[in-house]
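Engineer:
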Amino acid sequence: MISNEAKKEIDFWVSKYPEGRESSAVMQALTIVQKENGGSLNSELINDVAEYLEMPAISVQEVATFYENYNHKPVGKHVLRFCHNISCMLNGSDELISYLEDKLGVKTGEVSKDGLVSVKKVECLGACVGGPMCQIGDQYHEHLTKDKLDNILENLT
Amino acid sequence: MNEVCFKNLDKENPASIATYEANGGYKVWRKILNGGFTPDEIIQELKTSGLRGRGGAGFPTGLKWSFMPRNQEGQKYVVCNSDEGEPGTCHDRDILRYNPHSVIEGMAIAGFVMNATVGYNYIRGEFMEPYYRFEEALKDAYEAGLLGKNLLGSDVSFDLYTHLGAGAYICGEETALLESLEGKKGQPRFKPPFPANVGLFGKPTTINNTETFASVPEILSRGGQWFADLGVENSGGTKCFSVTGSVKNPANFEVPMGTPFSKLLELAGGLKEGRKLKAVIPGGSSTPVLPAETAMNMTMDYDSIANAGSMLGAGSVIVMDDTTCMVKTLTRLAHFYYDESCGQCTPCREGTGWLYRMLQRILDGNGKEEDLDLLLSVGEKIMGNTICALGDAAATPVESFIKHFRDEFEYYIQNGRSMVEEEHNLVEEEASV
Amino acid sequence: MSDIEIEIDGQLVRANQGDSIINIADREGIEVPRFCYHKKLSVAANCRMCLVDVEGVPKAQPACSTPAANGMKIHTKNDKAKFAQKAVMEFLLINHPLDCPICDQGGECELQDVAMEYGSDVSKFNEGKRIVPDKGIGALIQTDMTRCIHCTRCVRFGAEVAGIVEMGGTGRGEGVKIEPFLTEGIQSELSGNMIDVCPVGALTSKPFRYEARTWQMNAVQSVARHDLVGSNIYTQSYRGKVKRVVARDNDSINETWISDRDRFSYEGLNHESRALKPKVKIDGLWQETDWQEALKFAIDGIKNNANSSEQFGVLSSKYASLEEFYLLQKLARNFGTENIDFRLDQAQLSNASSLESTITLSEIESIDHALIVGSYTRLEQPMINHRIRKATLNGASVNTINSKKFDFNYKTGLDVLTSPQKLRATLQSVLKAIHNKTNKDAPSFLSQVSPEDIHNKIADDLIESKNGVIVLGEHLNSNLDSIAITSLIEQIASAADLKIANITLSGNSLSAEKVGFMPDEKGMSAASMFNESTKAFLLMDVDLEYDFFDSKSAQDCFNQEDVFVVALSSFENQSLLNGADVILPMASYYETSGTHINFDGQAQSFSASVKSPGDSKPGWKIIKVMADLFELEGFDYIDSTQVKEQALQLSRNKSSFKDVDFENFDDSQITTHWQYTPYVTDSVTRRASALQKTNIGMIDSAFVSEATAKKLGIGNDDLYLGVPVSIVDSVAEDYVFVHTNQARKA
Ligand SMILES: Cc1cc2nc3c(=O)[nH]c(=O)nc-3n(C[C@H](O)[C@H](O)[C@H](O)COP(=O)(O)O)c2cc1C
Ligand code: SF4
Ligand code: FES
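Protein chains in written order, with the numbering used here: chain A, 154 to 310; chain B, 24 to 456; chain C, 55 to 800.
Here's what the structure looks like:
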C-alpha cells in the first residue's frame with residue numbers, strides 16, 4: 154500500500170514529465186515507497202508502484218533491480234554506504250570499513266543486531282576530494298577517521 | 024584561478040541568486056530575453072571560445088549545439104548531465120552546491136538557442152545536498168521570473184526540472200541517462216540515431232555536462248575570445264580539476280587549461296608526507312594511468328595529456344604514491360566496471376566479470392603466469408566492440424596498468440603478494456589510519 | 055527502388071539508403087552471424103555478434119544497426135571482422151554451459167551453429183561459470199536460464215508482438231536475469247513464439263521436453279486449422295507421432311508466428327480417448343468390430359431408420375477439411391437430403407455467412423481504425439488480432455462494442471458495453487448517427503432512434519477513418535438477434551465506407567461454406583434437426599457436449615431409441631457412447647491430407663504428417679466407401695487431390711440476406727452468453743493437456759454486474775450453470791458472460 158502522502162510526493166514527480174510519460178517518475182516513486190517502508194522494497198510495493206504509474210510490473214522490477222540504491226532485503230534504520238573506490242581507497246577506506254565491521258560486529262551487507270545500522274560498500278559517490286567518505290541518509294560524511302566514525306555512530310539513534 | 028564555474032566560491036552565500044546576480048549572473052539571459060542575442064551569435068561565441076564538453080569526451084560545445092534541428096516542429100529538450108560518477112571526479116557537485124544558477128542560466132541559454140522549452144537536470148541520486156541547493160535555486164529563478172513561460176514578456180519560455188538518479192554509473196553515459204529519464208533501466212542506446220535527432224521521449228535533445236553549461240554564461244558575458252585566451256590552443260578556457268589520492272590537500276581547482284601538472288600538484292599541497300609520486304590518472308578512472316615522470320612533464324590540457332598517452336577526460340586527477348599497490352588498485356577499478364556494467368552487450372557484460380575475477384584471483388595469490396597476457400587479450404576483445412564507451416573504459420586501465428607496471432603484476436603472480444607492500448612493509452602499519 | 059551502391063566483401067550491391075547492412079547481406083546471401091537480431095523484432099544490437107568492418111570506421115560496426123550509406127565498403131570476413139566476431143563468440147561461451155548433448159535445443163541451436171563456424175577451439179576461461187536460478191514461466195515453456203545469452207529476443211517479442219510485457223531483464227551487468235516478475239505463467243496467447251525466437255536452449259517447449267532429438271524427427275509442412283488464418287506450420291514427428299509443431303514463415307499469412315493453440319494442440323492427438331477401432335452398439339452394448347461389419351451396420355441402420363431421405367441429417371464440426379466437407383455434402387445430397395450443417399453453435403441462423411470479409415490479413419495491418427463488435431479477438435483469432443495490434447502500433451485507433459470489457463493487447467479508445475439483446479439498439483444508434491452526420495436519409499426503421507453521445511463519437515471515428523474496418527466476432531453466433539445485427543453491420547459498413555472482417559465462423563468454416571455444407575431452403579439447419587423428424591444422423595468430428603448451441607436438445611435427440619447415429623470421430627467420450635450407434639474411427643489433424651480455406655480465401659493444402667493410429671482411417675476415405683455402399687454415383691476418386699479439385703470448382707453459394715424484422719424484438723430478458731476459452735474449441739485442442747494448464751486454458755468464470763447478480767440472486771463464487779460467478783464492473787447489465795472451458799450448459 155502506498156500512503157496518501159507518498160502518493161502526493163510521487164505526483165509531484167509525475168507532474169514534471171509530459172503527459173503519457175508518467176513512468177519517468179518510477180525511480181522517485183520507488184525511492185519514496187522504499188523510504189516509507191523502512192529502507193527496502195518488496196514485490197508488493199513493486200506491484201503497487203506499477204499499478205499507480207500504470208506500468209507493467211516487470212518494468213518496475215527491472216528498474217528496482219538495476220539501480221544500486223534500492224534494497225530488496227531489510228536494512229538497518231541507518232545505512233552506512235561506504236565508498237571503497239579508488240580515491241577513497243588511496244586514503245584508507247578499506248581499513249575504516251574493517252574497523253566499522255569489527256566495531257559493529259557485522260559484515261558489509263548485514264544489519265546490526267539491534268537493527269540500527271547496516272553497512273554497505275558502494276562505488277564512487279562523487280565526493281572524492283573528501284575521501285574516505287560515506288553516506289548516511291541524505292548526508293555525506295567526509296574526511297573520515299576512526300574518531301569521526303565513532304562520533305557519528307554514537308549520534309545515530 | 025576559479026574564474027568561471029567557481030567564480031563565486033569565496034563569496035558569502037555563493038549559491039544564492041543575490042550573490043549570483045551581484046556578480047554578473049543572469050546578465051546574458053536577460054539580454055537574450057530582451058532580444059539582444061541571436062542563437063547564431065551565441066553559437067558563434069561558443070565556437071570562438073573553444074569550449075569543449077567537460078563530461079569527458081571533449082566534444083566542441085558550439086558545434087554540438089549547431090547540430091540541433093532548431094527549426095524542426097515539436098518539442099525539443101535540453102538535458103544536463105549531473106550524474107557525476109567517474110571515480111575521482113567531484114567538481115560538478117561543487118558547481119551544483121556553490122554555483123547552481125550558472126547551470127540554470129547555461130541550460131536556459133541552451134534552450135533558447137535550440138528552441139527547446141523544457142530542460143531536465145539529471146542529478147545523481149546520492150547528491151541530496153546539491154539537489155536541495157539546486158531546487159532552491161530553481162525556486163528563486165522562477166520567482167525572479169527568469170524561468171517559466173513568456174519570460175520578461177518575451178516569447179521565450181523555459182521550464183527546468185530536476186530528475187534524480189538512483190545509483191548507476193552508466194547513467195552518466197548520455198543515452199543511458201535518457202533511458203533513465205524515461206523511467207527505464209539505464210541501458211545505453213546504440214547510435215545512430217543521435218540524441219540531437221532522437222533523444223528524450225524520442226525528441227531532439229541536447230545533453231551537456233554540468234560544468235559545460237555552467238561555463239556558458241560567463242563565456243557569453245565576457246566573450247568567446249576572452250575564454251579562449253585563458254587556455255591554450257585546442258583547449259580553451261579554464262577547467263575544474265578534482266585532485267585526489269595521495270596528496271596533502273585533496274580538492275577541486277579551477278585552473279586555466281595548460282596549467283602544468285606539477286603546479287596542480289602543488290596547489291593540492293603536494294604529496295603526502297614522506298611519499299614519492301608513482302603514478303597519475305589524469306582524467307578519471309577510465310583514462311590510462313601515467314608513470315610519475317610522464318605526468319610531471321605534461322600540462323593539463325587535451326593535447327598535452329594525449330601526447331603523454333592518456334586523456335583529460337573529466338579532469339579527475341588521481342595521484343598515487345610509491346606505497347600504492349598497482350595490482351590492488353587495478354583490481355578495485357576492475358571491480359567498479361564489473362559492478363557498473365549495464366549488462367546489455369556481450370563483451371562488456373561477460374568481459375568485465377572475466378577481467379575482475381582474474382585480477383581478484385591474482386590478488387588472492389592464485390595468479391598464473393599466463394594471466395597477464397590473457398588480461399590484455401580480454402581487454403583487447405572488449406575494446407571497441409561494445410555499445411557504449413564503458414567497455415573501453417573497463418579495458419583501458421587494464422592495458423595501461425600492465426603496460427607501465429608489469430613488473431609489479433609479475434611479482435604478485437610469482438610471489439602471491441604485493442611487491443610494494445613488501446618494500447614498504449606496510450601490511451600492518453596501514454591498518455592504523 | 056535502390057538508390058545507393060555499396061560494396062560487401064568485394065561485391066557491388068545496390069541498396070536503399072538507410073537499409074541496415076545485415077538486411078542487405080541477407081538479401082545477397084552473405085552470411086553474417088547474429089543472435090539478437092530478428093527480422094520481425096526491433097533492433098537491439100546487444101549481442102555484438104554481427105560486427106563487421108566498415109572501411110574508414112575505426113571500430114567494427116554491428117551490421118544489424120548500421121545503416122548503409124552510399125559508397126560504403128564493408129567486409130564481413132576480413133581479419134578485423136573475424137577478430138571481433140570470434141571475441142564475441144568467446145564471451146558468449148564463457149558463461150554458457152557446454153552441455154549440448156543434454157540440451158533440448160541441441161541440433162537446432164543458433165549458438166551451437168555459430169560457434170562451430172566462428173568460435174575458436176580453446177577457451178582460456180578459468181573462472182567459475184554463472185548459474186542462473188529458474189523461476190518457471192508456466193506450462194508451455196521450459197526455462198533453463200543458465201543457457202540464456204541475453205539477446206532479449208523474448209523480451210522484445212513480449213513487448214512488441216505479444217503486446218504483454220511479462221519478461222524483462224532484471225539486475226545489471228553480469229547478473230542480468232531474463233525473467234518474468236511473477237511465476238504465475240505467461241498470459242499471452244502467442245507465448246510459444248518465444249521458444250522459436252530464443253536462439254539457444256533457454257526457452258524450449260515444455261510438452262516436447264525429452265520427447266525426441268530434433269535430428270531424429272521427421273518434419274512435414276502443414277497448415278493449422280484451429281482458426282481462420284490457417285497458419286503455416288511444420289509438424290515434427292518421431293516414430294509416427296507428432297512431437298512438436300513449429301511456425302513456418304509465410305509473410306502474408308502468419309508472418310513467422312503461430313498461436314499457442316496452433317503450436318500445442320497436437321498433444322491432443324496422443325490422448326487416451328482416441329477412437330482406435332470401429333464399434334457398433336447392439337442392444338445397448340458396444341462391441342468392437344472390423345470396418346466391413348461396422349460400415350454395413352452403419353449403412354443398414356441409416357437406411358432402416360430414415361424412412362425417407364429427409365429423415366437423414368448430416369452434421370459436422372467446423373474443423374473438417376475441405377475434401378471431407380465436400381464429400382459428405384455430396385453424399386447427403388446424392389442420398390436425397392438437404393439436412394446438412396456445420397453451424398452447430400449458432401443460436402439463430404444468422405446472415406453471417408452472407409457477410410463477406412472485404413479485407414485481407416495483410417491489409418488489416420494498414421487500417422487506420424477498427425470497430426470491433428462482439429469479439430474477444432485476441433483469444434478468438436490471435437493472428438488476426440496481431441495484425442490489428444500492428445495497425446495500432448502505426449497509429450490506428452480501435453473502438454469496441456462488446457458485452458464485456460476485454461483485455462486487448464492494445465489500447466482501445468471507446469468501449470461501449472452492450473448486452474446481446476441491446477446490441478441491435480446500439481448498432482441502430484450508430485447507424486443513425488452516421489446518417490445524421492453524412493446528411494443521408496435514414497431508413498424508416500431508424501425514425502424513432504436517437505443516438506447518444508457515445509454513439510455519435512463511435513460514428514465520428516468511423517466516418518473519419520479513411521481505411522477503417524468493422525470486425526464482427528464470434529459472439530454473434532450465440533446471439534438470438536444475429537440476423538438483425540448482421541444486417542445492421544452491413545449497413546454501417548456501407549454508410550461509413552468501411553471494410554468488413556467477418557470472423558464469426560472459425561476453423562475451416564470457409565471450406566464448409568465454399569462447398570455449401572449448409573441446407574438450402576428445403577433443408578433443415580442443425581438446430582432444427584433435433585425434432586421428431588430426423589431419424590438417422592451422420593456426424594463428423596462432432597462433440598456432443600461442446601459443439602452444439604443447445605447440446606441438451608441435441609443429446610436428447612441422439613439418445614432416443616429410434617434415432618440412429620453414425621459418428622465419424624477421432625475420439626470417444628461418454629456422451630458419444632451414449633448418443634451414437636456406430637463409431638467409425640477417423641484420422642485427425644495432421645493424419646490426413648486435406649485443404650483449409652483461410653480468411654483471405656486461400657486454399658492451402660497439406661499432406662498427412664503421420665499415419666493415424668489404430669484402425670482409424672482418413673475421413674474422406676470413410677465417406678467415399680460409405681457412398682459406395684449406399685451405391686451413390688460419382689464417388690470414384692483415386693486420391694484426395696481429385697476431390698479437392700472438384701470442391702474448389704464449386705462457387706460459393708451466397709445465400710442472400712434474410713429479411714429483417716426491425717420492429718418486433720423483446721430485449722427485456724436477462725441473457726447469458728457462453729464463450730469457450732480458445733483451448734476447448736475443437737476436439738484435438740480440448741485434449742491437449744499443457745494448454746489446459748495455462749492461465750488462458752483455466753479461465754472459468756461467469757461474469758455479471760452487481761445489479762444483475764442481485765436480480766439473479768447470485769453472489770461471488772456461487773455457481774451459475776456450473777461456472778463460478780465473478781461480479782465485475784465492466785460487463786453489460788441484464789447479462790451474464792460465461793467465459794469457460796466447460797461444456798455449454800445454457
Ligand atoms: C560510461 C560513461 C559514463 C559517463 N559519465 C558521465 C558523467 O558522469 N557526467 C558527464 O557529464 N558525462 C559523462 N559521460 C559522458 C556523456 O556520455 C556525454 O558525453 C556528456 O554528458 C556530454 O556532455 P559534454 O559534451 O558537455 O561533455 C559518460 C560517458 C560514459 C561512456
Ligand atoms: S558497454 Fe557495458 S555499459 Fe555500455 S552498453 Fe554495453 S554492457 Fe552496457
Ligand atoms: S545481431 Fe547485431 S548486435 Fe546482435
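Note that the Cβ used here is the ideal one computed from N, Cα and C, for glycine as well.
Can you tell me which residues form a DSSP beta bridge with C:TRP728?
Structural biologist: Bridge partners of C:TRP728: C:VAL792.
Engineer: Report the three-state DSSP secondary structure of C:PRO116 (helix, strand or coil).
Structural biologist: Strand, per DSSP.
Engineer: Look at the Cβ atom of B:VAL27, then the Cβ atom of B:GLU158, and state whether they are nearer than 8 Å.
Structural biologist: For B:VAL27 and B:GLU158, no; Cβs fall outside 8 Å.
Engineer: Please determine whether the Cβ atom of B:TYR122 lies at a distance below 7 Å from any heavy atom of ligand 1.
Structural biologist: The sequence shown places Asn at residue 122 of chain B, rather than the Tyr named in the question. No, since every heavy atom of ligand 1 falls outside the 7 Å radius drawn around the Cβ of B:ASN122.
Engineer: Go to C:ASP133, then tell me how far its alpha helix (DSSP H) extends in each direction, as first and last residue.
Structural biologist: Its alpha helix (DSSP H) spans residues 133-148.
Engineer: Given this structure, state the Cα-to-Cα distance separating C:TRP674 from C:VAL636, to the nearest angstrom.
Structural biologist: Looking at the two C-alpha atoms, the distance is approximately 17 Å.
Engineer: Between C:PRO121 and chain B, is the shortest Cβ-Cβ distance under 8 Å, so that the two count as touching?
Structural biologist: Answer yes: the Cβ-Cβ gap between C:PRO121 and chain B drops below 8 Å somewhere.
Engineer: Distance check for B:TYR121 and B:LEU32, CA to CA, integer angstroms please.
Structural biologist: C-alpha separation (whole angstroms): 6 Å.
Engineer: Would you tell me roughly how many angstroms separate the C-alpha atoms of C:LEU564 and C:GLN703, rounded to the nearest one?
Structural biologist: Each residue's alpha carbon lies about 14 Å from the other.
Engineer: Run down chain C in chain order and give the residues with a C-beta less than 8 Å from the C-beta of B:GLY366.
Structural biologist: Going along chain C in sequence order, the residues near B:GLY366 (Cβ under 8 Å) are HIS204, GLY223, GLY225, ARG226, GLY227, GLU228, GLY229 and VAL230.
Engineer: Give the list of continuous beta strand (DSSP E) stretches no shorter than 3 residues that lie fully inside the region 349-384 of chain C.
Structural biologist: Whole beta strand (DSSP E) segments, 3+ residues: 366-370.
Engineer: Thinking C-alpha only, which one of C:GLU544, C:SER560, C:GLY561 and C:LEU559 is nearest C:LYS553?
Structural biologist: Answer by Cα proximity: C:GLU544.
Engineer: Bridge partners for C:TYR774 per DSSP, in chain order?
Structural biologist: Paired residues: C:VAL777.
Engineer: In terms of residue numbering, what span does the beta strand (DSSP E) encompassing C:LYS335 cover?
Structural biologist: Here the beta strand (DSSP E) through C:LYS335 covers 333-336.
Engineer: Measuring CB to CB, does C:ASP736 end up less than 8 Å from C:ASN795?
Structural biologist: Going by C-beta atoms, C:ASP736 is not nearer than 8 Å to C:ASN795.
Engineer: Closer than 9 Å, Cβ to any Cβ of chain B: which residues of the region 251-272 of chain A, in chain order?
Structural biologist: Per Cβ criterion, the list reads SER251 and TYR252.
Engineer: When you compare each of C:GLU685, C:GLU377 and C:PRO187 to C:GLU699 by their alpha carbons, which one comes out closest?
Structural biologist: C:GLU699 has its Cα closest to that of C:GLU377, out of C:GLU685, C:GLU377 and C:PRO187.
Engineer: Over the uninterrupted beta strand (DSSP E) stretch that includes B:CYS263, give me the two end residues.
Structural biologist: First-last of the beta strand (DSSP E) with B:CYS263: 261-268.
Engineer: DSSP beta-bridge partners for C:MET594?
Structural biologist: In DSSP, C:MET594 forms a bridge with C:SER370 and C:LEU622.
Engineer: Identify every run of the alpha helix (DSSP H) within the region 297-321 of chain B, keeping only runs that are complete inside it and at least 4 residues long; order them along the chain.
Structural biologist: Listed in chain order, they are 315-319.
Engineer: Does the beta carbon of A:LEU306 fall short of 7 Å from some heavy atom of ligand 2?
Structural biologist: Not under cutoff, so the answer is no.
Engineer: In or out: B:GLU316 buried (at least 16 other Cβ within 10 Å) or exposed?
Structural biologist: That one is exposed.
Engineer: Skipping 5 residues on each side, what residues in its chain have a beta carbon closer than 7 Å to that of C:ILE185?
Structural biologist: Once the five neighbours on either side are set aside, the close Cβ partners of C:ILE185 are THR200.
Engineer: Would a check of beta-carbon distances place B:ASN275 closer than 8 Å to chain A?
Structural biologist: Yes, B:ASN275 lies at the interface with chain A (some Cβ there is under 8 Å from its Cβ).
Engineer: In the region 100-120 of chain C, which residues sit with their C-beta less than 8 Å from some C-beta in chain F, listed in chain order?
Structural biologist: No chain F appears in the structure shown, which is made up of the protein chains A, B and C.
Engineer: So is A:SER168 buried or exposed if we call it buried at 16+ other beta carbons inside 10 Å?
Structural biologist: A:SER168 is exposed by the Cβ-count criterion.
Engineer: Going by DSSP, name the residue or residues bridged to C:GLN65.
Structural biologist: Note: C:GLN65 sits in a beta bridge opposite C:ILE62.
Engineer: Taking 8 Å as the CB-CB cut-off, is C:LEU165 touching chain B?
Structural biologist: For C:LEU165, the answer is no, since every Cβ of chain B falls outside 8 Å of its Cβ.
Engineer: Determine, using beta carbons only, whether B:VAL456 comes closer than 8 Å to chain A.
Structural biologist: With a pLDDT of only 43 at B:VAL456, under the threshold of 50, the placement of this residue in the model should not be trusted; the figure read from the coordinates follows. Cβ-Cβ to chain A under 8 Å: yes for B:VAL456.
Engineer: Taking DSSP as the reference, what is the three-state secondary structure of C:MET572?
Structural biologist: Coil, per DSSP.
Engineer: Whose Cβ in chain C lies nearer than 8 Å to the Cβ of B:LYS301?
Structural biologist: Neighbours of B:LYS301 on chain C: none; closest Cβ ~30 Å, over 8 Å.
Engineer: Who are the Cβ neighbours of B:PRO279 in its own chain at under 7 Å, not counting the five residues just before and after it?
Structural biologist: LEU253, GLY254 and THR261.
Engineer: State buried or exposed for A:MET154, treating a residue as buried only when at least 16 other CB atoms are found within 10 Å of its CB.
Structural biologist: A:MET154 should be labelled exposed.
Engineer: For the candidate residues C:GLY229, C:LYS384, C:ASP574 and C:LYS178, whose alpha-carbon lies nearest to that of B:MET381?
Structural biologist: For B:MET381, the nearest C-alpha among the options comes from C:LYS178.
Engineer: Could you tell me whether any non-hydrogen atom of ligand 2 is closer than 7 Å to the CB of A:PRO344?
Structural biologist: Outside the displayed range of chain A (154 to 310) lies residue 344 of chain A, so it cannot be described from this structure.
Engineer: If you measure from the beta carbon of A:PHE235 to each beta carbon in chain B, is any gap under 8 Å?
Structural biologist: No - not a single Cβ of chain B is within 8 Å of the one on A:PHE235.
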